[in-house]
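Below: one structure, written as structure tokens.
Chains as they are written, first to last, in this note's numbering: chain A, 2 to 1015; chain P, 272 to 364.
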């Protein structure tokens, strides 16, 4: 028999469009218009999940975003999506649905025996139990917990679908397409305002899709259809069904998730995006997200067959499915009486309505009474029975205070219990950007308080549940919002339709139904179903002296799940208030944070996927040549720089030896294009450099260059580089490759905020110049074959000068600088000519054995010379004196950071100072294996065995094997290092070795600097 | 995400901007004349009021210009935007 629980007629389903789907391999049928949940219920399937901790059987509780249990896995392979909520997933033909979190099968779950140990798993169980021994956490506890508590499985291949992001501005964003939201959109849209209306459901109408209410004497869905038709015809109105506003932020910014093709199948058809994230900036926002019914909390309230009353009505009215054949309604307010009528009118037996209120009255109550349905007023459900599905309930009398039960236990057989504990307005979006809340006694729920000027909240989301009030508030909020955005006045222009409201009696708040035993020993009263958190857990947390609801939430894991406590967090808050003897309004809610419902990573990423999308990749003009030469590349900032150029059969050491020796003995060629370059221009350019560099710059003659050191205002080294004077009013500044953007921003900040009187313009020219370094004793000969219109002789073109020249026929700036300690030229040409000039130098250098070298050899060469690299030798705690750069500190002028260098701490004698280090054996002979970079230095040769902590004397910043010297060298920082040359310090290693390190000057080669001055 | 009015480019999303902390901290004219404590006051000490705060922003993803804003640190509402060198609107120069 197919779909035994499907009612014979009615509902918003298309009986002409049957859909086939599978649940755990079982082939089932549903209809277009079904959710996975309604289709499962139609097929009589109520056991759909096991609870996470206790593995108790769980069924569908609700019909929307608040359902805590119905997480399912849909699809397979790359298309599979875990943790979808069956109550929200729309059914499509061929859908594969699997239950999650059980082993080995849903009906026979081995882990359910943990239910026997349930008394051992109270609140804080994880915190208390899995603490010791620490080594067991990774090896034993975590894998076991994860095995037992899995929520589905991740896809095993990249997602084949596309996701999009859209930015949009509008006058008015309306969140929620129920009666209030539709009314607001109509009121504003008719005035010509640009309106966006979104709703998480597949069609607009909100609750009206699930009730049998009437507007203007017609079924309310006809009013909905007319409203949607009118809105769709307005040119400035955008309608977004299947779209959840999941985040609301400051200044009218919202994030929406539109499920564009999720309902059409496992793969998006016709290249449409699967989902789309809308990033909306609205001048006004109307929050009309409705309300969520909360159930009553009683013993064994988690059995399949126990649902919220509104969910039952939704399945009956909208999907034409009855979740059971014999129902009981349990309530503390009038709205659930409608559920009894919805069932009864469709021929489903309603055994009783159990009302905790002693004297229920009102229109709906009278109608139920007239139907002949028994009303047990002043009663409560005290327990339930049924292993895999509800079989019967136990009912007793409730005392006047509502905190105790008495009298005979009456057993009522039923397979469906529809409960209502009241309605919680959906205030999530209001509260996300720090919106405050207030407890409203009249509805026993929290409502929004203190709205921001650009936000309206309307309808059930505002605590007004009656349909007529929803529409009136919607119209009013639409009018105010439109007026605020510049469209008309605050007065409602549209006519409110007529609605007949039932008379209602007040709700009787009940956070926890009394049990036959004290809460700690009573059968479990579940609060958070997804986390198996109970009323007893809340009481325990409070006994253990947790007071803040935020702490109680965390200790008991309340609302931690993918449902974020939408169903029962307010009940949990009420139970905490009861246990603390406090007013619930004073307890307050837990924090509401984005996202309202889970968002896929795909929608957040949009099309910006793939490793290279996250970070720009910058390549030099000669990049392809390097690649063709077999260079390995290194990331430096965003740049790809040649690291070294191995030849066939080369080890890295062999390649570096070859490259370094070529520079020391012949000629090497390096792509230096990535060096940061800033054009500093204006009458005050020299003054700016004077203020940001530690040394003097105003008197530098045109044609000369010098090394500059930049400090932060705290006196610590920030960046360095060689800058040259191009003209009276113009300097060419270079920075480190990684520091270019930071230095430019730093200079701009000072120019714009502090030194606005300086007449200087800064222009980044890093990308405009290709820079080629020739280095080595033969570099002049190579340069001479390529450069024209320049005298390369040592006398005419000495170190630290620059000249204009013609390089391979194109204009060039040639800088006589050296980062290797050898004779060298840095040839700058327009980037487009980079490869041309490189090719010319390469060809000219062949007879001299010209060798390309990369960043690793560059580092070795500079380390042999003791040149620092900011960020390698410095870490934001190193000042120029630590580096021995006293000569660079001008005493004739102020500069950034200067004052900080006079602080007592900056001039302390026992600061760590820049030194060279050579690893040596016991006899003092240098070793070839480098000390690991980052190694700590100590005075203690037995540091590994010594009592901890071992006093540290310094650390190693750079380490290489020096091909020039034939042994390893290091640079580092050592306490009082400059006084300690030739002494031995020790570098203890994790493997137990302790390396002997001889302290030296931080210059290992050509200390006089003779080689670069030829 | 805040909505910020660059004085040169108009209203833009916060993601285009960088934050620069408290505004109207003048660099001392003669740092050498300051005690260590006075220098530290300039260098490190910033107000962190609950309420109205004058702060600096830079339109780093746009015109790269710095400007000032007055913002309520509780509501995040911007009260004013004004250029570098100007006093907050309504304040004596």
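C-beta atoms are modelled at their ideal positions from N, C-alpha and C, and glycine is treated no differently.
Here the structure is a predicted model, which is why all the values come from computation and not from measurement.
Using a C-beta to C-beta distance shorter than 8 Å, which residues of chain A count as neighbours of residue i?
i: residue 321(P); result: Result: empty, since nearest Cβ-Cβ is about 13 Å, beyond 8 Å.
For the beta strand (DSSP E) that contains residue i, what are its first and last residues?
i: residue 165(A); result: 164-176
i: residue 458(A); result: 456-458
i: residue 426(A); result: 424-426
i: residue 40(A); result: Counting along the chain, residue 40(A) falls outside any beta strand (DSSP E), though it belongs to the alpha helix (DSSP H) covering 37-43.
i: residue 245(A); result: 244-249
i: residue 341(P); result: 337-343
i: residue 276(A); result: 276-288
i: residue 914(A); result: 913-920
i: residue 315(P); result: Segment 307-315 is the alpha helix (DSSP H) holding residue 315(P); no beta strand (DSSP E) there.
i: residue 719(A); result: 718-728
i: residue 329(P); result: 323-329
i: residue 636(A); result: 633-637
i: residue 1(A); result: Outside the shown range of chain A (2 to 1015) lies residue 1(A), about which nothing can therefore be said.
Kindly list, in the order they appear in chain A, the residues whose Cβ is closer than 9 Å to that of residue i.
i: residue 328(P); result: By Cβ distance, chain A contributes nothing, its closest Cβ being about 11 Å from residue 328(P), past 9 Å.
i: residue 343(P); result: Within 9 Å Cβ-Cβ: nothing; residue 343(P) doesn't reach chain A, min ~11 Å.
So residue i contacts chain A; which residues on that side make the cut at Cβ distance below 7 Å?
i: residue 356(P); result: 757
i: residue 302(P); result: 895, 899 and 900
i: residue 298(P); result: 755
Quick one: does residue i have its CB under 8 Å from some CB of chain A?
i: residue 279(P); result: no
i: residue 272(P); result: yes
i: residue 335(P); result: yes
i: residue 347(P); result: yes
i: residue 307(P); result: yes
i: residue 352(P); result: no
May I have the straight-line CA-CA distance separating residue i from residue j, to the nearest angstrom?
i: residue 881(A); j: residue 717(A); result: 7 Å
i: residue 176(A); j: residue 237(A); result: 17 Å
i: residue 374(A); j: residue 366(A); result: 10 Å
i: residue 164(A); j: residue 602(A); result: 9 Å
i: residue 398(A); j: residue 580(A); result: 22 Å
i: residue 211(A); j: residue 233(A); result: 22 Å
i: residue 462(A); j: residue 16(A); result: 33 Å
i: residue 955(A); j: residue 936(A); result: 9 Å
i: residue 2(A); j: residue 42(A); result: Unreliable positioning characterises residue 2(A) in this predicted model, as indicated by a pLDDT of 46, which lies under 50. A coordinate reading is not provided.
i: residue 432(A); j: residue 449(A); result: 7 Å
i: residue 856(A); j: residue 644(A); result: 5 Å
i: residue 337(A); j: residue 312(A); result: 10 Å
i: residue 789(A); j: residue 840(A); result: 16 Å
At a CB-CB cut-off below 8 Å, which residues of chain D make contact with residue i?
i: residue 290(P); result: Any reference to chain D falls outside this structure, whose protein chains are A and P.
Listing by chain order, which chain P residues have their CB less than 7 Å from the CB of residue i?
i: residue 749(A); result: 335
i: residue 282(A); result: 274
Compare the C-beta of residue i against all C-beta atoms of chain P and say whether one is closer than 8 Å.
i: residue 250(A); result: yes
i: residue 254(A); result: yes
i: residue 904(A); result: yes
What residue range does the alpha helix (DSSP H) around residue i cover?
i: residue 904(A); result: Here residue 904(A) belongs to no alpha helix (DSSP H), and DSSP marks it neither H nor E.
i: residue 294(P); result: Looking at the DSSP string, residue 294(P) is not in any alpha helix (DSSP H), and its letter there is neither H nor E.
i: residue 316(A); result: 310-318
Can you pull the chain P residues whose beta carbon is under 9 Å from the beta carbon of residue i, in chain order?
i: residue 715(A); result: 314 and 315
Give me whichever residues DSSP pairs with residue i in a beta bridge.
i: residue 736(A); result: 677(A)
i: residue 853(A); result: 670(A)
i: residue 49(A); result: Paired residues: none, contrary to the question.
i: residue 999(A); result: 919(A) and 985(A)
i: residue 276(P); result: 282(P)
For residue i, return the contacting residues in chain P, with the cut-off set at a CB-CB distance below 8 Å.
i: residue 682(A); result: The contacting residues do not exist; residue 682(A) stays about 16 Å from chain P at best.
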